[in-house]
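Heads up, the thing below is written out as structure tokens.
In our numbering, the protein residues as written are 2 to 130.
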């Protein structure tokens, strides 16, 4: 398996984790939203790896999207989605004023993470041909 494929697999597993944490009667909202951010982050890193770019040690999905835009302008289409994950890498992980996100916010984050994952996967497939 190539490094970019490993990043994609990890991104997909984070997406599946978020969905599983939202299924059933015992939803785990705080952990689910964390995995949506992780999915987006790893998807962007998979594209950077595919393009043989250095992998930045950052959780900033907007920054990672900008790096991808520098390589492929089509990524502009998901920049706003990438910005929506700001703070989800640390929010809700520790006790604070708000212990967990709203269920609707998690559902929206899952949709955006899946959109980013599918977009990145399609771009890699397109560029591989």
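Quick reminder that beta carbons are idealized off the backbone N, C-alpha and C, glycines included.
| said: Let me make sure I understand the geometry here. Which of 105, 93, 55, 88 has the alpha-carbon closest to that of residue 72? | reply: 55
| said: Quick check on DSSP: helix, strand or coil for residue 76? | reply: helix
| task | Taking residue 121 as the reference, give the member of 86, 51, 109 with the closest Cα. | result | 51
| Closest by CA to residue 214, which one among 95, 124, 39? | Residue numbering for the chain in the displayed model covers 2 to 130; residue 214 lies beyond these limits and cannot be assessed.
| task | Could you give the DSSP three-state label for residue 99: helix, strand or coil? | result | coil
| field | Beta carbon proximity, residue 40 to chain B, threshold 8 angstroms | value | Of the chains in the structure shown, none is chain B; there is only one protein chain.
| said: On the criterion of 16 or more Cβ atoms from any shown chain inside 10 Å, does residue 96 qualify as buried, or is it exposed? | reply: exposed
| For the stretch 3 to 15 against the stretch 30 to 49, are there 3 or more C-beta pairs whose distance is under 8 angstroms? | yes
| field | Supposed contact pair residue 89 and residue 37 - C-beta distance, whole angstroms, cut 8 angstroms | value | 7 angstroms
| request: Tell whether a beta-carbon distance below 8 angstroms holds between residue 35 and residue 118. | output: no
| Run of the alpha helix (DSSP H) containing residue 32, from where it starts to where it stops | 30 to 51
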